[in-house]
Each structure stands twice: as C-alpha cells, then as structure tokens.
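Beneath this line is the structure, given in structure tokens, with notes to follow.
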Amino acid sequence: MAKIQARNVDDALYQRIEASAMRHERSLEGEIRIALREYYAPKEADDAPPCSLREQWQQQTGHRLQWLFDRLIADGYLDKWKRERPAGIADFVRVSRQLHASPGQLMDLIEGRREMTHGMADELAKQFSANSDWLLTGEASPFSVTRMGSSGYSEFFLPADKGEYTFELLRIKQGRHEGTLIILRTRTDTGQTAFGIVTEAFYLRSGMGGGGHAHLKAFLLFLKTKCAHLPMNTFDFTPPEPDFDFWSVIGHHHPVWFQDADLRSTARWLQQVFNGDDPGDWFEGWSSDLNDIAGTPFGGSAEHDVE
Numbered sequence: 189m190a191k192i193q194a195r196n197v198d199d200a201l202y203q204r205i206e207a208s209a210m211r212h213e214r215s216l217e218g219e220i221r222i223a224l225r226e227y228y229a230p231k232e233a234d235d236a237p238p239c240s241l242r243e244q245w246q247q248q249t250g251h252r253l254q255w256l257f258d259r260l261i262a263d264g265y266l267d268k269w270k271r272e273r274p275a276g277i278a279d280f281v282r283v284s285r286q287l288h289a290s291p292g293q294l295m296d297l298i299e300g301r302r303e304m305t306h307g308m309a310d311e312l313a314k315q316f317s318a319n320s321d322w323l324l325t326g327e328a329s330p331f332s333v334t335r336m337g338s339s340g341y342s343e344f345f346l347p348a349d350k351g352e353y354t355f356e357l358l359r360i361k362q363g364r365h366e367g368t369l370i371i372l373r374t375r376t377d378t379g380q381t382a383f384g385i386v387t388e389a390f391y392l393r394s395g396m397g398g399g400g401h402a403h404l405k406a407f408l409l410f411l412k413t414k415c416a417h418l419p420m421n422t423f424d425f426t427p428p429e430p431d432f433d434f435w436s437v438i439g440h441h442h443p444v445w446f447q448d449a450d451l452r453s454t455a456r457w458l459q460q461v462f463n464g465d466d467p468g469d470w471f472e473g474w475s476s477d478l479n480d481i482a483g484t485p486f487g488g489s490a491e492h493d494v495e
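Per the numbering used here, the sequence shown starts with residue 189, numbered consecutively.
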C-alpha cells in the first residue's frame, strides 16, 4: 500500500487534526487517512432509475397531504392546545377513523407509497373542508373557497340539500382589505364548515361608488327577505397582519382559523343596517338605500331580488 508523508505542517492545521482525532477516538494517521479518503474518493454514480410519473405524483400528493394535516394542527382544528408541531403518527391514527381508512393506508399515502383515489380526495374534502382538486393536482388553493359577486348568494345561503345551517358573517376590520366580507356556513349535524367570500361586488366600508352600493343594497335585502329564518351572527375580523397578501391567506387556512377568539370579536353592523343605522359612514351619500333596507320587513319581498 502506498505511503504519504508530509513535513512542515502548519501548527494550527496540526492542532485541528489532532483535536478531530481525539474527538473521534482515532490516531492521527487514522484521522488523516479517513479525511483524505472522504475528500478524494470518487463519488458513486447514482444508478437508481428515475421516478416514473406515477411515483412522482404519489410523492407530490403525499407531501400535500402532510402539509394539510400540519396546517389543520396549526389552525387549531386537530389540536387546540399544541399548534406549533407537525402532524405525527398519533394524529394519522385518529384521522384515519374519520376517513374510514386504516392507519397504515393513510401513512402509505403520506409517504407516497400509495395512490390517492378520487374517493379518498373527496372524503378529505368533506371532512376537512379541503380542496380535492388541490390534493390531486396541486392546482388552486388547499381549502375550498366559494367566491360570490353580484349573484350566487342563493346557492351558498340556501343550498339544495335542505340541511340545517348556521352562518357567521365576518367583516375584515382594518388594513388593505378592510370591509371584505367572509361568510362561514356550518352544517349543524356534521360540523362541516364551508368558506365563502365577497371580494369585488361590494365592501362593508365607506367610499364605494354607485355600482358597489347597488350590489351591497341587493345583498342586504336578500339577507333580510330570503334569509330571515337563518341563524346568523356577525363579527369583526382583525387579521394578524393588516396588509396581508390576500390569496396567500384566503384558501390557505381551515375555516376554524377565522373563528379564533383572538382574531375576531362580536359586532352588530348587520343589525344596525337592518334598523336603519349607518355603522361607519358606509351609506354616506346613499341614505335612501339605507332607508329602503330599514323599511323592508323581515321575510318580506324586495323590489329587486338578488339570487
């Protein structure tokens, strides 16, 4: 075997080699030999075959599923007390019962060893308000969001399944998105919550033009006439960051995150409007709209119904 000798080694370098040898309980010669081998030995070629499309997809869906469970813990849905931790084995075992799957099947999905079926994606969406398309493809947002504009309210407030629901209307209180309306619809028998939002048709604040006020009036009349029988509570929502990036938050949290008592407080703005009181100059210059809303009876009919 070939030998190598070195003379006049720098003192500082010698001391570092000596310290490393002592730390690893090796002789100086052994320490130098191992260091040289690690530095100069040729790297072994990676002979592993490339992943197939199916394997890549399964790994990606597994990563998304792990992200989903981590977020459900962080949002306080799976664990109300210890939110600063990733989802682990105990969580997967408990969740598997809700999904009518075995713990092993769920863990195989997370590790990318098993194919996520459309049925499993739909069950995850049903149980955790997740977006099944995102789980399968990575497109859109992780949690389902219903966007409402100048129409589409009936489908959200009066769904065809005729179940019993409660509604929570949250107005973003401050920041760049002040006045944006968030609506949570919870089915009373299952506890499942759907997330709706109005982003462009109107805002619950002052400074809107004629088009925005027309949409706001129509929406409020819809609530007062068509939805008078529905249990409905109103809140002010204060986001942790007032000028947050809207679509990195909306659709990226479970609805329960918006119910956090540290982020929202009970408000009376809807009842004020129904009674003809302006909550904060929302109807400045449009007092006739406010009078029309106040004069419309609960459960009655409006001049122009909105669907």
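For glycine and all other residues, C-beta sits at the position ideal for the given N, C-alpha and C.
To the nearest angstrom, how far is the alpha carbon of residue i from that of residue j?
i: residue 240; j: residue 324; result: 17 Å
i: residue 314; j: residue 380; result: 7 Å
i: residue 480; j: residue 468; result: 18 Å
i: residue 256; j: residue 330; result: 7 Å
i: residue 347; j: residue 409; result: 18 Å
i: residue 455; j: residue 281; result: 39 Å
i: residue 303; j: residue 312; result: 14 Å
i: residue 250; j: residue 197; result: 52 Å
i: residue 290; j: residue 284; result: 6 Å
i: residue 475; j: residue 259; result: 44 Å
i: residue 396; j: residue 412; result: 22 Å
i: residue 431; j: residue 406; result: 29 Å
i: residue 429; j: residue 267; result: 23 Å
i: residue 263; j: residue 286; result: 18 Å
i: residue 416; j: residue 317; result: 26 Å
i: residue 391; j: residue 414; result: 21 Å
i: residue 368; j: residue 387; result: 6 Å
Answer with buried or exposed for residue i, where buried requires no fewer than 16 other C-beta atoms within 10 angstroms of its C-beta.
i: residue 288; result: exposed
i: residue 261; result: buried
i: residue 376; result: exposed
i: residue 200; result: exposed
i: residue 319; result: buried
i: residue 278; result: exposed
i: residue 224; result: exposed
Which residues in the same chain have their Cβ closer than 8 Å to the Cβ of residue i, if we skip the five residues on either side of it in sequence?
i: residue 452; result: 358, 423, 424, 425, 426 and 446
i: residue 344; result: 334, 336, 371, 373, 382 and 384
Near residue i, which residues of its chain fall below 6 Å by C-beta distance, leaving aside the five closest residues on each side in sequence?
i: residue 338; result: 389 and 403
i: residue 265; result: 442 and 444
i: residue 216; result: 209
i: residue 300; result: 246, 247 and 250
i: residue 243; result: none
So, for residue i: in the same chain, excluding its five sequence neighbours on each side, which residues have a beta-carbon less than 7 Å away from its beta-carbon?
i: residue 219; result: 205, 208, 209 and 212
i: residue 401; result: 474 and 477
i: residue 366; result: 360 and 393
i: residue 326; result: 248 and 252
Is the number of C-beta pairs between the segment 416 to 424 and the segment 356 to 372 that are closer than 8 Å three or more?
They touch, by the three-pair rule.
List in chain order: all unbroken alpha helix (DSSP H) runs of 4+ residues lying wholly within the segment 334 to 413.
List check, alpha helix (DSSP H) in window: 341 to 345.
Where in the segment 206 to 253 do unbroken runs of the beta strand (DSSP E), each at least 3 residues long, occur, reported from the N-terminal end onward?
You should have found no qualifying run.
Hey, which unbroken runs of the beta strand (DSSP E) at 3 residues or more fall wholly within the segment 282 to 340?
Restricting attention to beta strand (DSSP E) runs no shorter than 3 residues, the segment 282 to 340 encloses them at 334 to 336, ordered along the chain.
Could you tell me which uninterrupted alpha helix (DSSP H) segments, each at least 4 residues in length, are contained entirely in the segment 448 to 482, listed from first to last along the chain?
Here the runs fully enclosed are 457 to 462.
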